[in-house]
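Here is the structure we will look at, set down as structure tokens.
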Amino acid sequence: MSRYHLNRFLFDLKMKPDTLSRARTDLDKALSDYDLSADEVAALKSKDPRQLRPLGAHGMLSLYLMRLDPEFDDNIYWTQK
Amino acid sequence: MPFVAALAASHAPNMLLDPGAEWEEFMTLHYRMAPQAAGGKPSLEVQQKLRTDAENAFSVLRRDLEAARPDVLIVVANDQFVNFFFDNIPTFFVTLSDEVRGRFTRYDFHYRNQPELGRAILEAGVASGLDLSFGEDIELQHTQMVPLHFLLPEPDIPILPIFVNTWIDPLPTPARCYALGSLIREVADAASDRVAMLATGGLSHFPGSPRIGEIDTSFDEGLLRQMRAGEGPALAGLTLEQLRQSGNSEFLNWMVTVGAVGETPASDSFYMPDHVATGWGFVSWKIS
């Protein structure tokens, strides 16, 4: 398990527009920049934030996986930190 | 009398979103994380009443803040993965930049910072065995900006952001936060500037946890009752487990202000659960 990198990816989704853009375009390629286990990759690709916490993702970062869900593309929540 | 006012207020993002469409967006996201809580979704009328009640509470706090004529406002809040990540998580952090900025939806915030007061706090901490982290290049976030929007909308005085780690174990104890508040009070009382303090956060909420959507209103009301009774030292005896179980880890921010006021009873308090995720709390202490 590589909890640091799992959280790092979620933090970068929140804070780095370039990471968000790349993840929206090609998630597999974006994830390849991080040292993630197969379980972590599968959980991230599920786009269900509730699957991340059992793997060690911080609850406050798990939410940011929903930035990859087209339904929440321009949600107002993302316009504040 | 350089320590002149103390305030505490929640910083829930929906307090600064407009009832209606903006709340709907916020809640849609929230209920995807917490489908079990969707049954309690507040109607538009409830949202509007919450906003009005929050504005009324903030107006009392702002009245007290302005009456105290502070030269600087210390803002004690937590970081939520904006300035800090697992590379380096400070337990307490004092901001030493000359200015601080942030943006919340359509609102821009830009304040002068007060690094001189920050350095005085750091030096007093080292002298008394409470070593604090410090640095510059800090970005404001909703934990500061939501209450500042209502309490200090014009940057007429500088602020001093102080961060407390409230979400990443190991957390500081309530007693340790109380001790920091007492230390800051000593520094403020020796300063020539008139110093006010605002703590933000809470009350009960469980973001990102399986209990997201729960609000422990009875615990929150007990905290407010103790603050109105001036039971600051007793609050320092709370355990981290009590705060965790009631969704009140952000009360650690408030504990710094409780440490600064000691046994001074709160002059006003307000409470309203938002029916989404958080118990909104507001407290003012008049310092004589």
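Protein chains in written order, with the working numbering: chain A, 1 to 81; chain B, 82 to 369.
No residue lacks a Cβ here, since even glycine has one placed at the ideal position from N, Cα and C.
Within chain A, partners of Ala161/B - CB distance below 8 Å:
Note on identity: in this sequence residue 161/B is Gln, with Ala being the wrong assignment. In chain order: Met60, Lys81.
Which residues in chain B have a C-beta closer than 9 Å to the C-beta of Phe72/A? List them in chain order.
Glu106, Thr109, Leu110, Arg113
Would you check if the stretch 224-238 of chain B and the stretch 89-97 of chain B touch, i.e. whether three or more CB-CB distances between them fall below 8 Å?
yes
To which residues does DSSP link Lys367/B through a beta bridge?
Ala86/B
Kindly provide the ranges of any beta strand (DSSP E) runs that are 3 or more residues long and lie completely inside the stretch 265-316 of chain B, ordered along the chain.
276-281
Give the interface partners of Lys14/A over in chain B, defined as CB-CB distance under 7 Å, in chain order.
Phe162
Hey, could you find the ends of the alpha helix (DSSP H) Glu220/B is sitting in?
Here Glu220/B belongs to no alpha helix (DSSP H), and DSSP marks it neither H nor E.
Taking the alpha helix (DSSP H) that Val163/B belongs to, which residues open and close that run?
First-last for Val163/B: undefined, no H or E at that position.
Going straight from the alpha carbon of Pro291/B to that of Ala115/B, what length do you get?
8 Å
Would you say Tyr4/A faces chain B, with C-beta separation under 7 Å as the test?
yes
Rounded to whole angstroms, what is the Cα-Cα separation between Glu348/B and Arg309/B?
First, the amino acid is wrong: residue 348/B is Ser here, not Glu. So the two alpha carbons sit approximately 7 Å from each other.
How is Leu61/A classed by DSSP in three states: helix, strand or coil?
helix
Beta-bridge pairing of His191/B - partner residues as DSSP gives them:
Arg182/B
Quick one: does Pro288/B have its CB under 7 Å from some CB of chain A?
yes
Within chain B, the residues that Leu63/A reaches when beta carbons sit closer than 7 Å
Met114, Gly289
Residues bridged to Thr359/B (per DSSP)
Partner(s): none; Thr359/B has no beta bridge.
Distance between Leu20/A and Asp12/A (C-alpha atoms, nearest Å):
7 Å
Specify, as a first and last residue, the run of the beta strand (DSSP E) that Ser350/B falls within.
349-354
What does a CB cutoff of less than 6 Å around Leu213/B pick up in its chain, not counting 5 residues either side in sequence?
Phe173, Val175, Leu203, Gly206
Alpha carbon to alpha carbon, how far is Glu217/B from Glu180/B?
9 Å
Does His191/B pass the burial test, meaning 16 or more other C-beta atoms within 10 Å, or should it be called exposed?
exposed
Just the C-alpha distance for Val156/B and Gly183/B, rounded to the nearest angstrom, thanks.
14 Å
Closer than 7 Å, CB to CB, is Glu103/B near chain A or not?
yes
If the cut is a Cβ gap below 7 Å, which residues of chain A does Trp248/B touch?
Met60
Using a beta-carbon distance cut-off of less than 9 Å, what residues from the stretch 114-129 of chain B approach chain A?
Met114
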